[in-house]
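Down below is the structure, laid out as structure tokens.
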Amino acid sequence: MPCLERRTSFINKSYNAMKYIRKAWLFFVFLLFYLKEMVKANVQLTRDILSPKMRIHPGIVKVHINAKNGRQTLALFNLVTMTPGSLCLDVSDDHSYLYIHGLYVKSHDEFEKEIIDGIEKKMLEVFE
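Here the sequence shown is numbered in the working numbering, starting from 1313 and rising by one per residue.
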């Protein structure tokens, strides 16, 4: 049975290599997505700073997050804070909510959906 063991070992190594390649690809896709979001937020904020008309709608939103552990929560907290126009203020005691101050909060539900379907969804794909 040594031949079978070697074949199984090769399959496991191939699987692990593919897993790492997939992770690297997901990370690359996430970086592109996040850079696009950063540029978009910077352009919007710059436009509003230079414009005489106030276009901001500031607000604080309680966002339910799907992060499974402290590392994921911390990563999401920092990613949201680094995005211009948003700032994480606090995390709930059970780590299931982030309190986020946003400059462009027209609707609490819409803002929450942007966070969950945008940054959080892409970030969790990388962490899984």
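Yeah, the Cβ is synthetic: ideal placement off N, Cα and C, and Gly gets one too.
Here the structure is a predicted model, which means the values were calculated and not measured.
query: Three-state secondary structure (DSSP) of HIS1420; result: helix
query: Close-in-space but distant-in-sequence residues of the same chain around ILE1333 (CB under 7 Å, 5 per side omitted); result: none
query: Limits of the unbroken alpha helix (DSSP H) element including GLY1430; result: No alpha helix (DSSP H) contains GLY1430, which DSSP labels as neither H nor E.
query: CA-to-CA distance, MET1330 to LEU1316, given in whole angstroms; result: Reliability of the predicted coordinates at LEU1316 is poor, the pLDDT of 48 falling under 50, and no value is obtained from them.
query: Spatial neighbours of GLU1426 in its chain, beta-carbon cut-off 8 Å, leaving aside the 5 residues before and after; result: none
query: C-alpha distance - MET1350 paired with ASN1328, whole-angstrom precision; result: 32 Å
query: Distance, ALA1379 Cα to THR1385 Cα; result: 6 Å
query: Simplified DSSP assignment, three categories, for ASP1406; result: coil
query: Start-to-end residues for the alpha helix (DSSP H) that takes in GLY1382; result: 1382 to 1394
query: Integer Cβ distance of VAL1373 from GLU1424, believed to fall under 8 Å; result: 6 Å
query: Exposure label - GLU1422; buried when at least 16 CB within 10 Å; result: exposed
query: Three-state secondary structure (DSSP) of LYS1374; result: strand
query: Contact under 8 Å by Cβ, LEU1436 with LEU1410; result: no
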